[in-house]
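All residue numbers for the sequence shown refer to UniProt numbering, where the first residue is 1 and numbers rise by one. Here a beta-carbon is modelled for each residue, glycine too, at the ideal position from N, C-alpha and C. All figures in this text were calculated on a predicted structure; none of them were measured in a lab.
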Amino acid sequence: MVRAADGATRRVTDLLGAGPAAGRERFSETELRDLVAANTVLDPEERRIIDEVLVAGARLVREVMMPRTEVVFLSAGLTIAEAARLARSATHTRYPVVDGTPDDVVGFVHLRDVLLRPETDPRRTVGELAREVKRLPDSKRVVAALAEMRRERHHLAVVVDEYGGTAGIVTLEDLIEELIGEIHDEYDAAPDPVHAGLPAVVDGRLNLADFAERTGVTLPGGPYETAGGFVMAALGRVPVAGDEVRVGPPVDATDAAEPAGGWLLR
């Protein structure tokens with residue numbers, strides 16, 4: 001599966017002019033779809049992956065990034081010993097390092113950088129160990145960002161907004177998952193449970209495409225990119241616990257014997 005996805009992704013990024021072979025002839029998405037349809041060599045799995053890559057590749061990095069409000073930043077002034085104590089309860093392997101505010105990212109550290117150093121050099125600071133970090137504009141397309149990060153061998157990138165501030169971070173895994181589906185490892189949180197008789201719990205940070213895939217409901221487009229953004233726009237204010245937003249046509253009171261399904265956003 002991974003090998004097929006890797007090969008299919010490379011083919012698409014090259015043909016769209018986003019991969020290492022970007023200097024060769026480029027094809028539009030429509031032309032590429034026609035080529036795939038006419039190709040008799042591709043197996044069904046490769047066709048499926050290429051189709052998903054084309055759909056997901058048109059999305060922007062800001063739609064799949066982890067927003068800055070959810071990012072754990074490490075201060076450059078922390079000693080390795082202090083950072084190690086924080087890292088022992090970590091759920092990530094790479095952390096952006098800041099010199100002041102989240103808009104001043106000076107690099108990143110890997111979990112092993114801080115866990116393997118304390119005993120030998122506990123007074124060194126996180127800033128001294130920080131590695132160079134990749135930066136991507138939030139308007140970059142997913143498929144182009146993936147190709148660029150793979151080509152330059154980066155696993156983490158800081159996403160920058162149009163004002164030059166830190167919008168969030170994105171990992172190579174995030175981009176690959178957007179194209180070929182979820183990749184689970186030991187650091188991933190358990191999926192939200194669906195309790196009998198209660199609405200499913202859905203992360204408000206899900207982008208609209210992922211929300212549709214998870215629930216089967218397509219939310220209307222608007223000046224937002226997430227399910228939480230849709231709720232805020234529909235209410236016209238910051239949501240509070242207990243708020244409800246109806247999706248779809250109004251329910252006739254005469255047809256309301258069966259309660260409508262719903263989702264709890266967190």
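Looking from the CA of V114, the closest CA among V105, R131, A233, E70 belongs to R131. Pairing V217 with V247 gives a Cβ-Cβ distance under 7 Å.
For A157, the enclosing beta strand (DSSP E) has its first and last residue at 156-160. In this structure, M66 and G229 do not form a Cβ contact; the two beta carbons are roughly 15 Å apart against a cut-off of 8 Å. When K140, E225, D210, V109 are compared, the shortest CA-CA separation from T125 is found for V109. With a cut-off of 8 Å on Cβ pairs, the region 156-171 is not in contact with the region 74-90, counting fewer than three such pairs. Straight across, the Cα-Cα distance linking D243 with L60 is about 29 Å. When DSSP states are grouped into helix, strand and coil, R141 belongs to the strand group.
With a cutoff of 7 Å on beta-carbon distance, L208 and L219 are scored as near each other. With distances taken between CA atoms, V53 lies nearest to R33 out of E63, R33, R112, A38.
By the Cβ-count criterion, R135 is exposed, with fewer than 16 other Cβ atoms from all chains shown falling within 10 Å of its own Cβ.
A Cβ-Cβ contact shorter than 7 Å links G222 with A233. Within the same chain, and ignoring the five residues on either side of D103 in sequence, the residues whose Cβ sits closer than 6 Å to its Cβ are G165, T166.
The alpha-carbon of L129 is positioned some 17 Å away from that of A157. Less than 7 Å divides the Cβ of L74 from the Cβ of V97. Residues of the same chain with a CB within less than 7 Å of the CB of A56, apart from the 5 flanking positions on each side, are V142, E178, L179 in chain order. Our two residues, E70 and G127, have alpha carbons roughly 21 Å apart in a direct line.
Separation of L175 and T79 (C-alpha to C-alpha, rounded to the nearest whole angstrom) is 32 Å. The continuous alpha helix (DSSP H) containing T215 extends over residues 208-215.
R205 is a Cβ neighbour of T226, given a cutoff of 7 Å. Only residues of its own chain outside the window of five on either side were considered, and among them K134 have a CB closer than 6 Å to the CB of H154, listed in chain order. In this structure T93 touches L111 by the C-beta definition: roughly 5 Å separates them, less than 8 Å. C-alpha of R68 to C-alpha of V41: approximately 44 Å in a straight line.
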